[in-house]
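Written below as structure tokens is the structure these notes are about.
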């Protein structure tokens, strides 16, 4: 994708990062923070969710749109979840470990904590919370990242359910503590968004107390350009895609502004008239239209060629209209910029346009379903078409594969939040705040590994950012040479995964024991991967060493080397010291993995000296 002059476009971007915290218990429940396979669920609960009014009697616009369909949601429960998750028991007090960690992170960003932490309810009626709301609490304000970007707020909140299918959710994830970090709109290029997200992620991992893996951290990106609108893009899980998401949103907003100008130049009109065109398709071969009870259409005057205009890779203005229509339960829509297609013939398109009085410059959009769904969907199409004449609507959108986005719902308003009356405020005293220690950043740790342990810069950074960092630090603390420990953890455990053995199948105690055996001369470092693999299959360390790589003593090695050197005496005399390499290869073929190569080299050098 072509990059833009983001400064001239007035790009502003901010991010909200949601990271799962690695606590034993959930935020307001004493159940464990375990993610389960949905096939293992032990029960099901079914719920209709309804909109609640705020303290001022208002209804949140995003929640109101979610309620356009009455949907029955199913929730899978497990032997590791409880009554709090299904809203059948009052919440427990806020998990103190989760709050302690959020305050630690806030302190790392130089923030000011609130003297009292008050829990609020955030309305969510899309099915992802059994109660219809998510509990959240603002913890700290006003931080910064190296004076380049401001952190506005840090909050602690419950994670939502995992979606299994459209209207089936799993409550295993519901209630896992999350930290929410919100920045100011301080980023001016897509690359800056990536860099800030990367830095925040590094800071979170520096605590050693956050969950790791896909789905444990999610970025919401807020993007706007001059003359465009603020758009929130939810659920960007891959850091490497975040810059592309921003670039594609800029492209989308520019395309929508261009469409707005073209519609104005054409004197376009959306009069909102709806027509029943079911009879036009009485003999259609289109499978979608054939099954529909009702087909409704509307004319968008002056929209020809623009409904089908690409505004992002694989996304068109018609896709935006379809997203809105789907809120009413229809599968999508047809429009004349893409017809004839999908079983609709050229003749049917001609009759449709003639019946509705559509001219060459007009587009016709049709929806097909039950009458109730059609009436709702065609009104949503008309609503989105009118928005196209105004430019870029403020929206919440979801990321699609590759970085394009689709409409989810309107941006929420103030009516979305209201107080949680079941949970007491939590005080944050000055002595508590002062007692919180700030952990070492991973970037600083990597520099220290170079300076103190002699690791090269690449290995030091890889080790500092590895999930096996605690194992490395334990190994060094127990006297294992740092370079050997790092190579074993980074290389040998990776070799295991390539051989189909997961690194988690080898307990840390076994890895430490193997490294100590090598350090003591009981095993060769070349055999580490094979020994660890044997341990993963259930062998003890002694069994693994004796079976996989029984150790050679120095005396046994001297006997072996003397025999090999004697057999090749003439070759060695003719080559002198240059014979070391070829003969070393012969010896290592016999002893690889059973004694350290450095010892082999020493013994061979001694024997070669005797002959030469």
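Numbering (full-length UniProt numbering), first residue to last: 1 to 612. Glycine included, each C-beta is placed from N, C-alpha and C at the ideal position.
Whose C-alpha, out of the options, is nearest the C-alpha of residue i?
i           : options            : result
residue 518 : 505, 532, 506      : 532
residue 568 : 604, 543, 353      : 604
residue 45  : 129, 70, 104, 112  : 129
residue 117 : 156, 18, 288, 80   : 156
residue 263 : 363, 333, 335      : 363
residue 337 : 300, 327, 154, 331 : 300
residue 434 : 100, 33, 93        : 100
residue 212 : 266, 18, 510, 230  : 18
residue 265 : 276, 361, 298      : 361
residue 202 : 357, 446, 544      : 446
residue 424 : 467, 341, 92, 356  : 92
residue 24  : 4, 173, 144, 377   : 173
residue 154 : 480, 105, 171      : 105
residue 542 : 523, 344, 560      : 523
residue 108 : 585, 439, 465, 489 : 439
residue 152 : 327, 16, 588, 358  : 16
residue 171 : 238, 83, 254, 221  : 83
residue 623 : 478, 511, 77       : This structure cannot speak to residue 623, because the chain is shown only from 1 to 612.
residue 254 : 9, 582, 530, 507   : 9
residue 287 : 331, 544, 26       : 331
Report the three-state DSSP secondary structure of residue i (helix, strand or coil).
i           : result
residue 192 : helix
residue 486 : helix
residue 346 : helix
residue 318 : helix
residue 362 : coil
residue 392 : coil
residue 172 : coil
residue 134 : strand
residue 157 : strand
residue 143 : strand
residue 511 : helix
residue 494 : helix
residue 414 : helix
residue 297 : strand
residue 212 : coil
residue 167 : coil
residue 311 : strand
Could you tell me the distance, in whole angstroms, from the CA atom of residue i to the CA atom of residue j?
i           : j           : result
residue 485 : residue 475 : 7 Å
residue 462 : residue 449 : 11 Å
residue 573 : residue 566 : 11 Å
residue 193 : residue 502 : 34 Å
residue 39  : residue 47  : 20 Å
residue 577 : residue 496 : 37 Å
residue 504 : residue 113 : 38 Å
residue 235 : residue 176 : 17 Å
residue 147 : residue 110 : 11 Å
residue 515 : residue 137 : 46 Å
residue 430 : residue 436 : 10 Å
residue 340 : residue 374 : 21 Å
residue 358 : residue 409 : 31 Å
residue 555 : residue 535 : 28 Å
Going by beta carbon distance, what residues of the same chain come within less than 7 Å of residue i, once the five residues before and after it are set aside?
i           : result
residue 257 : 227, 228, 391, 392
residue 324 : 380, 381, 383, 384, 407
residue 134 : 122, 124, 157, 158, 160
residue 88  : none
residue 320 : 384, 407
residue 281 : 289, 295, 348
Leaving aside the five residues before and after residue i along the sequence, list all residues of the same chain whose C-beta is less than 6 Å from its C-beta, in chain order.
i           : result
residue 417 : 120, 122
residue 405 : 233, 397, 399
residue 223 : 13, 231, 246, 249
residue 189 : 6
residue 149 : 183, 186, 196
residue 403 : 241, 244, 245, 248
residue 488 : 515, 528
Residue i bridges to which residues according to DSSP?
i           : result
residue 43  : 77
residue 220 : 16
residue 398 : 234, 406
residue 613 : In the structure displayed, the chain extends from 1 to 612; residue 613 sits before or after that span and is not available.
residue 663 : Nothing about residue 663 can be reported from this structure: the residues present for the chain run from 1 to 612 only.
residue 181 : 17, 154
residue 149 : 145
residue 334 : 366
Taking 8 Å as the limit between beta carbons, can you name the residues of its chain near residue i, skipping five residues before and five after?
i           : result
residue 455 : 449, 463, 482, 483, 486
residue 259 : 306, 309, 311, 317, 388
residue 127 : 49, 71, 73, 161, 163, 167, 169
residue 302 : 263, 266, 267, 268, 269, 361, 362
Can a CB atom of chain C be found closer than 8 Å to the CB of residue i?
i          : result
residue 46 : You won't find chain C in this structure, because it holds only one protein chain.
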